[in-house]
Amino acid sequence: MQHTYQSSEPDVSVGPGTTPPNKRKAYFVGSGIASLAGAAFLIRDGLIPGEGIHIFEELKVTGGSLDGAGSADKGYFIHGGRMIEVNDFPMN
Ligand SMILES: Cc1cc2nc3c(=O)[nH]c(=O)nc-3n(C[C@H](O)[C@H](O)[C@H](O)COP(=O)(O)OP(=O)(O)OC[C@H]3O[C@@H](n4cnc5c(N)ncnc54)[C@H](O)[C@@H]3O)c2cc1C
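Each residue of the sequence shown is one higher than the one before, starting from 203 at the first, in my numbering.
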């Protein structure tokens with residue numbers, strides 16, 4: 203079952219192009235959270251299979267500012283401990 207925010211299944215017979223979702227391609231520049239979130243929504247709501255989504259990254263480490271690294275086999279790691287707190291903005 204597909205989960206979408208729409209009340210009914212999207213009408214894929216209209217709109218830009220008539221390529222069925224499972225044949226569509228998407229390309230993202232940069233592997234930051236914006237691209238990863240966009241890819242996830244394209245899979246879930248756009249019905250585009252993951253194999254059709256391509257993410258280009260110029261660095262050796264993926265994740266952009268979130269410094270993500272890892273693999274599907276060994277798991278993923280994202281550097282933490284940098285949440286902005288009240289101490290980062292002294293009031294006096
Ligand atoms: C020190 C720091 C602390 C932060 N703290 C917080 C926090 O506490 N809470 C919070 O919510 N947010 C925080 N943020 C912000 C958050 O990390 C970013 O807003 C978010 O990760 C940005 O995601 P993005 O995908 O838009 O871009 P980015 O994460 O910047 O990803 C862009 C990616 O695109 C790649 N790229 C760029 N140009 C090209 C190209 N031409 N070809 C190929 N690849 C390219 C880059 O190498 C990079 O990997 C912090 C950011 C920093 C740097």
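We put the CB at the ideal spot given by N, CA and C, even for glycine.
Cβ neighbour criterion (16 or more within 10 Å) applied to residue i
{"i": "residue 273", "result": "exposed"}
{"i": "residue 280", "result": "exposed"}
{"i": "residue 261", "result": "exposed"}
Any non-hydrogen atom of ligand 1 within 7 angstroms of residue i CB
{"i": "residue 228", "result": "no"}
{"i": "residue 261", "result": "yes"}
{"i": "residue 163", "result": "The chain is shown only over 203 to 294; residue 163 falls outside these bounds and no answer can be derived."}
{"i": "residue 258", "result": "yes"}
{"i": "residue 268", "result": "yes"}
Anticipated Cβ contact below 8 angstroms, residue i with residue j, distance rounded
{"i": "residue 266", "j": "residue 233", "result": "6 angstroms"}
{"i": "residue 257", "j": "residue 241", "result": "7 angstroms"}
DSSP bridge partner residues for residue i (one or two, in chain order)
{"i": "residue 263", "result": "Bridge partners of residue 263: none, in fact."}
Interface flag, residue i vs chain D, CB-CB below 8 angstroms
{"i": "residue 225", "result": "The chain inventory of the structure shown lacks chain D, comprising one protein chain alone."}
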